[in-house]
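The number in the numbering used here is simply the position in the sequence shown, starting from 1, with 5 added.
In what follows, a single structure is set out as C-alpha cells and then discussed.
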Amino acid sequence: MKKILLSVAVSVILNAGLVDGVSILVNNEPITLHEIDKRSAIFKASKKDSIEMLIEEKLIEQEIVKRGIEADYFEVENEIEKMATSKGMTIYQLKNALMKNGVSYDEYSNEIKKKVQKDKLFKKIAIDKVKNIDNDELKLFFNQNSYKYNMPQKVELINYVSQNQQELMKIISNPMYHSNSIDSKEESVNLKELNPQLADILVNTKEGQFSQIIPFGDKFVTFYIKKKLNSSSSDFESVKNRVLNDYMIKNEDKIIKEYFVKVKATSNIKIVRVP
C-alpha cells in the first residue's frame, strides 16, 4: 500500500510540474511559460504579443501536419543556396558564419525545412482561395497591370543540363562555376513552338536570372535568360494563368491572414495559467 501511495504521490508531483510549466493549450498542444518568456526577451515584445505569435505558429504547425506537407532534401538545400546567394555568400561561407555564431548546420537546415513547409502551406492556401475568384475581378486586375503581360516572341537563353541536380544548384549560386558534369548551350527559342508550361517558365523568369530547376528525362535542366525579344501586348485569356498567379502573390498576405483568423476561431484554445 505504501508503494502504491508513493507512486501516486510521485505521479501527482510530476504532473503538477508539467501543468505548472504550461500556459496555453492549442488544440491540446502546449505553449509553455518558458516559451512565452523567451519570445518576449528575443523580440522585446509584450507577453500578449508573444502569446499571439506563439499561438499563430502552433496553428501553422498543426495545419502543416494536417495537410501532410513535407520538404525534401533538395528543396531545403535549394532554399539555403538562395539565402546564401542573397547575402553574397557561398555555402561554405554560410557554414563558417553559422559556426562562429554557435549554430550547427543541421539546426539551420531544420529551421529552413520549417520555412519551406510554411511557404508551401501558404501557397496551397492561396491557390485554394483563388480557384473560385470572380472572373470580372481578375480582368480588372489584368487591365490595371496590362503592361506586365507584354509577351516576347523569342527568348535568347543558355540551357544547362546535368544528371546531378546539386551541380545545377551550384551554377545558379555562382554562374562562373564550371563542371564537366554540366552541358550548356546558347539558343534563341520561339515561345510559340514550346509547350505552354515551359513557355510560362521562360516568360516568368526575369532577364539575367536562372529559371527553376526542371526534371528533363533522367536529367535536370535550368535556363539562364539573356534577353526577351519582340514583345507584344496579350489578351486576357492567353495569359490568364499568369494573371491568376500574380493576383495570388499580391493578395497572399491578406488571404493567409483571413484563413488563420477562421482557423483560430474554430480552434480549442485554453488558458491553463496566465503568464
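Glycine residues also receive a C-beta, built at the ideal position from the N, C-alpha and C atoms.
Remember, predicted model here, so these are calculated numbers, not experimental data.
Beta bridge counterpart(s) of residue i as assigned by DSSP
{"i": "residue 37", "result": "27"}
{"i": "residue 159", "result": "195 and 234"}
{"i": "residue 275", "result": "30"}
{"i": "residue 167", "result": "187 and 225"}
From the options, residue whose alpha carbon lies closest to that of residue i
{"i": "residue 207", "options": "99, 116, 255 and 164", "result": "164"}
{"i": "residue 229", "options": "217, 222, 221 and 238", "result": "217"}
{"i": "residue 160", "options": "210, 181 and 129", "result": "210"}
{"i": "residue 212", "options": "62, 122, 151 and 162", "result": "162"}
{"i": "residue 74", "options": "124, 96, 35 and 29", "result": "124"}
{"i": "residue 70", "options": "203, 122 and 204", "result": "122"}
{"i": "residue 243", "options": "50, 235, 234 and 201", "result": "201"}
{"i": "residue 199", "options": "157, 112, 185 and 225", "result": "157"}
{"i": "residue 68", "options": "274, 268 and 136", "result": "268"}
{"i": "residue 113", "options": "134, 136 and 86", "result": "86"}
{"i": "residue 225", "options": "255, 79 and 271", "result": "79"}
{"i": "residue 33", "options": "105, 63 and 99", "result": "63"}
{"i": "residue 247", "options": "51, 270, 132 and 263", "result": "132"}
{"i": "residue 274", "options": "50, 57 and 111", "result": "57"}
Sequence-distant residues of the same chain with beta carbon closer than 7 Å to residue i, five excluded per side
{"i": "residue 118", "result": "76 and 81"}
{"i": "residue 4", "result": "Here the chain covers residues 6 to 280 and nothing more, so residue 4 does not appear."}
{"i": "residue 221", "result": "166"}
{"i": "residue 40", "result": "59"}
{"i": "residue 194", "result": "159, 160 and 162"}
{"i": "residue 144", "result": "241"}
{"i": "residue 277", "result": "24, 27, 28, 29 and 30"}
{"i": "residue 61", "result": "265"}
{"i": "residue 135", "result": "249, 252 and 253"}
{"i": "residue 279", "result": "none"}
Close beta carbons around residue i, own chain, < 8 Å, minus the five adjacent residues each side
{"i": "residue 138", "result": "249 and 252"}
{"i": "residue 227", "result": "164, 165, 173, 176, 177, 215, 216, 217, 218 and 219"}
{"i": "residue 232", "result": "160, 161 and 212"}
{"i": "residue 15", "result": "With a pLDDT of only 39 at residue 15, under the threshold of 50, the placement of this residue in the model should not be trusted; the figure read from the coordinates follows. Excluding residues within five positions, none has a Cβ falling inside 8 Å."}
{"i": "residue 127", "result": "257 and 261"}
{"i": "residue 65", "result": "123, 126 and 265"}
{"i": "residue 196", "result": "156, 157, 158, 159, 160, 204, 207 and 208"}
{"i": "residue 182", "result": "175 and 176"}
{"i": "residue 72", "result": "126 and 129"}
{"i": "residue 95", "result": "89, 178 and 179"}
{"i": "residue 235", "result": "157, 158 and 159"}
{"i": "residue 102", "result": "94"}
{"i": "residue 223", "result": "168"}
{"i": "residue 2", "result": "Because the chain in this structure spans residues 6 to 280, residue 2 falls outside the shown range and cannot be described."}
{"i": "residue 37", "result": "26, 27 and 28"}
Same chain only: Cβ atoms within 6 Å of residue i, ignoring 5 sequence neighbours per side
{"i": "residue 17", "result": "Note on residue 17: pLDDT 39, under 50, position unreliable in the model; no value is reported."}
{"i": "residue 55", "result": "41, 44 and 45"}
{"i": "residue 35", "result": "27"}
{"i": "residue 99", "result": "89"}
{"i": "residue 19", "result": "Residue placement at residue 19 cannot be trusted, given a pLDDT of 40 that sits under 50; the coordinates are not used to answer."}
{"i": "residue 120", "result": "none"}
{"i": "residue 272", "result": "32"}
### Query
With contact counted as at least three CB pairs below 8 Å, one residue from each stretch, are the segment 176-185 and the segment 90-106 in contact?
yes
### Message
Across the segment 153-169 and the segment 254-273, are there enough close Cβ pairs to call them in contact, namely three or more that are closer than 8 Å?
### Response
no
### Message
Please give me, in chain order, every unbroken run of the beta strand (DSSP E) with length at least 3 that falls completely inside the segment 208-269.
### Response
219-221 and 224-234
### Query
At what residue ranges does the segment 99-148 contain a whole run of the alpha helix (DSSP H), taking only runs of 4 or more?
110-135
### Task
Spell out a yes or no on whether the segment 237-249 and the segment 185-199 are touching, meaning 3 or more CB-CB pairs, one atom from each, closer than 8 Å.
no
### Task
Jot down the residue ranges of each uninterrupted alpha helix (DSSP H) in the segment 37-106, minimum 4 residues, whole runs only, in chain order.
38-48, 52-72, 78-91 and 96-105
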